[in-house]
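Just so we're on the same page, my numbering is the position in the sequence shown counted from 1, plus 57. Just below is one structure, and these are the notes that go with it.
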Amino acid sequence: MNSKIKNYLLSGIFLLIVAFFTTSYFIKGTSDFSDAERRALKQFPELSVKTLENGKFMTEFETFSLDQFPMRDTMRSIKSVFERFVFANKESNDLYYHKGHIASLLYPLDKTMLDYALERFNGLYDRYAKQGDAKVYFSMIPDKSAYLADEAGVLSVDYKEFIDYMIAGMPQDIEYIDISDLLSADDFYYTDQHWRQESITDVANAISDAMGNPLSDEYTKVTLETPFYGTYYHQAAIPGVSPDSISYLTNDTIEGCKVSLLDGYGKMAGSEMYVLSYAEGRDPYEMYLSGAQPLITIENPNANTDKQLVVFRDSFGSSIMPLLAESYAKITLCDIRYIAPADLANYVDFENCDDMLFLYSTLIVDAATALRK
Numbered sequence: 058m059n060s061k062i063k064n065y066l067l068s069g070i071f072l073l074i075v076a077f078f079t080t081s082y083f084i085k086g087t088s089d090f091s092d093a094e095r096r097a098l099k100q101f102p103e104l105s106v107k108t109l110e111n112g113k114f115m116t117e118f119e120t121f122s123l124d125q126f127p128m129r130d131t132m133r134s135i136k137s138v139f140e141r142f143v144f145a146n147k148e149s150n151d152l153y154y155h156k157g158h159i160a161s162l163l164y165p166l167d168k169t170m171l172d173y174a175l176e177r178f179n180g181l182y183d184r185y186a187k188q189g190d191a192k193v194y195f196s197m198i199p200d201k202s203a204y205l206a207d208e209a210g211v212l213s214v215d216y217k218e219f220i221d222y223m224i225a226g227m228p229q230d231i232e233y234i235d236i237s238d239l240l241s242a243d244d245f246y247y248t249d250q251h252w253r254q255e256s257i258t259d260v261a262n263a264i265s266d267a268m269g270n271p272l273s274d275e276y277t278k279v280t281l282e283t284p285f286y287g288t289y290y291h292q293a294a295i296p297g298v299s300p301d302s303i304s305y306l307t308n309d310t311i312e313g314c315k316v317s318l319l320d321g322y323g324k325m326a327g328s329e330m331y332v333l334s335y336a337e338g339r340d341p342y343e344m345y346l347s348g349a350q351p352l353i354t355i356e357n358p359n360a361n362t363d364k365q366l367v368v369f370r371d372s373f374g375s376s377i378m379p380l381l382a383e384s385y386a387k388i389t390l391c392d393i394r395y396i397a398p399a400d401l402a403n404y405v406d407f408e409n410c411d412d413m414l415f416l417y418s419t420l421i422v423d424a425a426t427a428l429r430k
C-alpha cells in the first residue's frame, strides 16, 4: 500500500475514534461518581495557556478520558475475563477469585505500615488509657485472605507473623484476645471485605467473655430483600458473580438502645443501630451504625451494670458492636480515620471508662496511613 494512502487511512481512523468518543461524551455526559467502583471520577481539567504549557492539562485529560471512557464498566469486565481465562492470571488489580469469594491480596508484609499503626495505637494508649483505671484489650481481625490464599495458590503474608508483630509492639499490660481460629472464609461476604454479622456471634461472645461480660446470644435474624453487591464485586468487575444477601441481628436489648453520632457541627445527634435506608444505597454495609463515622455512642438503659466501654475501631466494628451492647451501659466507638486523636478528649469521658478495646482488621493496619496523627 502506498505510504501516503496508508498515512491518510490511519489518520482517518484516528479521527473517527476521536469523533466517536467526543460524541459519546456529549451524549452520555460526564459522571461525578462511579457506583461500580465506588469512587469519584476525574472531571474535565482546567484549560488555560498555563496548564497547556506546563503539561498539566494533558496529564489530567488522560486521567479524565480513562475515567469517563464510554462503556467503561463493560470494558473492565472484558479485561477481567481476558486476564482470568485467556492469560490465566490468578489475580487482577490485587484481587482474586476463589470458590465464590472475591478477596484482596495482602502481600508483601509492609512493616512500615505496621509500625505506623503501632505509633497511633500506642499514642492513644499513652494519652487516654492512663487517665483512669480501664482494663485495656487488643484484638486483630484477619481479613478473609487469611483463610483463602493458600488454597487459592496466591501470594500472601504470614498472618501469624503479622499479628505477632502487632502484639509485640503494643504495651505489655494489654490483654490480647485471639479470634483468628473462630473465623473462616465463609464468615465473610463473598463480594465484600467485611464479615457477616450473623456469622460472628461466637466472636462477639469470645471478646465479651474475655472482658468479663458473658452474652445471652439470643437474637432474631432479619434478612433484607435487597441484594448486596460488595466493594470487591465492583472493583473486580468479574461477570457472573452472584450478589450476597445482607442481614442484621436484633433483640429487645438492641432495640432499646439509644444511638448517637458526632455530626458535622460537632454535636452528638440521634441515630439508629441499623439504618435500613442505607441498605438501598451505594454501600449497604453502611446500614450498621451509619457506616463511616468519627464517633458513635451506644447507650443501653436496660443494662444490669453501669460499666462503660471505649472502642478504637475500623469499619469491622460497625457490625459487631451492636452484639456487645448488652454488657455495657455505654459504648463509645472512635474511628481515628475520621477524627484526630487529640480531639477525642472533647467528646469522650476516658476517666470513667471501665474497659478499652483496640479492634482492627489486618486490611486497615496494612493501610495505616489512613489513621490520623
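Glycine residues also receive a C-beta, built at the ideal position from the N, C-alpha and C atoms. All of these numbers come straight from a predicted model, not from anything done at the bench.
Cβ-based burial, residue i [other Cβ within 10 Å; buried from 16]
i, result
"Gly287", "buried"
"Asp235", "exposed"
"Tyr395", "exposed"
"Asp221", "exposed"
"Ser105", "exposed"
"Gly374", "buried"
"Tyr417", "buried"
"Glu103", "exposed"
"Ser149", "buried"
"Ala186", "buried"
"Leu390", "buried"
"Leu181", "buried"
"Asp249", "buried"
"Ala399", "exposed"
Host alpha helix (DSSP H) of residue i (start-end)
i, result
"Ile220", "216 to 226"
"Tyr185", "168 to 185"
"Val422", "419 to 422"
"Ser265", "258 to 267"
"Glu255", "Unbroken run through Glu255: none, as it is neither H nor E."
"Glu440", "Residue 440 lies beyond the stretch modelled for the chain, which goes from 58 to 430, so this question has no answer here."
Range covered by the beta strand (DSSP E) that runs through residue i
i, result
"Phe407", "Here Phe407 belongs to no beta strand (DSSP E), and DSSP marks it neither H nor E."
"Arg370", "365 to 370"
"Met378", "No beta strand (DSSP E) holds Met378; the alpha helix (DSSP H) holding it covers 374 to 381."
"Tyr345", "Where Tyr345 is concerned, there is no enclosing beta strand (DSSP E), given that its DSSP letter is neither H nor E."
"Thr277", "277 to 280"
"Ala399", "Ala399 -> no beta strand (DSSP E), and no H or E assigned at all."
"Ala160", "158 to 161"
Cβ distance (whole Å) where residue i is taken to contact residue j below 8 Å
i, j, result
"Glu175", "Met223", "Note on residue identity: the sequence assigns Leu, not Glu, to residue 175. Confirmed, Cβ separation roughly 7 Å."
"Thr258", "Val279", "Not quite, the Cβ-Cβ distance comes to about 14 Å (not below 8 Å), so this is no contact."
"Asn357", "Ala386", "6 Å"
"His155", "Lys201", "Rounded, the Cβ-Cβ distance is 10 Å, inconsistent with contact."
"Ile311", "Ala382", "6 Å"
"Glu343", "Tyr335", "4 Å"
"Tyr164", "Leu212", "4 Å"
"Phe195", "Phe415", "4 Å"
"Ile393", "Val368", "That pair is no contact at about 11 Å."
"Arg184", "Ala425", "About 18 Å; that fails the 8 Å criterion."
"Pro199", "Tyr173", "The pair is not a contact, with the Cβ atoms about 19 Å apart (cut-off 8 Å)."
"Thr283", "Glu208", "Not really, about 31 Å apart at Cβ, beyond 8 Å."
"Ile421", "Asp371", "4 Å"
For residue i, the nearest candidate out of the options (CA to CA)
i, options, result
"Leu272", "Ala424, Val260, Tyr290, Leu281", "Val260"
"Asp55", "Lys201, Ser376, Lys192, Cys410", "Only positions 58 to 430 of the chain appear in the structure, and residue 55 is not among them; the question remains open."
"Ser317", "Ser304, Gln350, Tyr290, Ala294", "Gln350"
"Asp412", "Leu281, Tyr322, Ile231", "Ile231"
"Leu166", "Gln188, Asp190, Ala203, Lys187", "Ala203"
"Ile355", "Arg339, Tyr404, Glu329", "Glu329"
"Ala191", "Gln365, Asn403, Glu103", "Gln365"
"Arg253", "Asn361, Asp320, Ala242", "Ala242"
"Ile264", "Tyr216, Gly313, Ile377", "Ile377"
"Lys168", "Lys430, Thr419, Arg429", "Thr419"
"Gln100", "Glu117, Leu352, Gly112, Asn111", "Glu117"
"Ile353", "Asp320, Ala360, Asp301", "Asp320"
Residue i CB to nearest heavy atom of the ligand SAM below 7 Å
i, result
"His158", "As presented, the structure is devoid of all ligands, the ligand SAM included, so that no description of it is given."
- Go through the stretch 286 to 347 residue by residue and report every complete run of the beta strand (DSSP E) that reaches 3 residues or more, in order. 304 to 307, 315 to 319, 325 to 328
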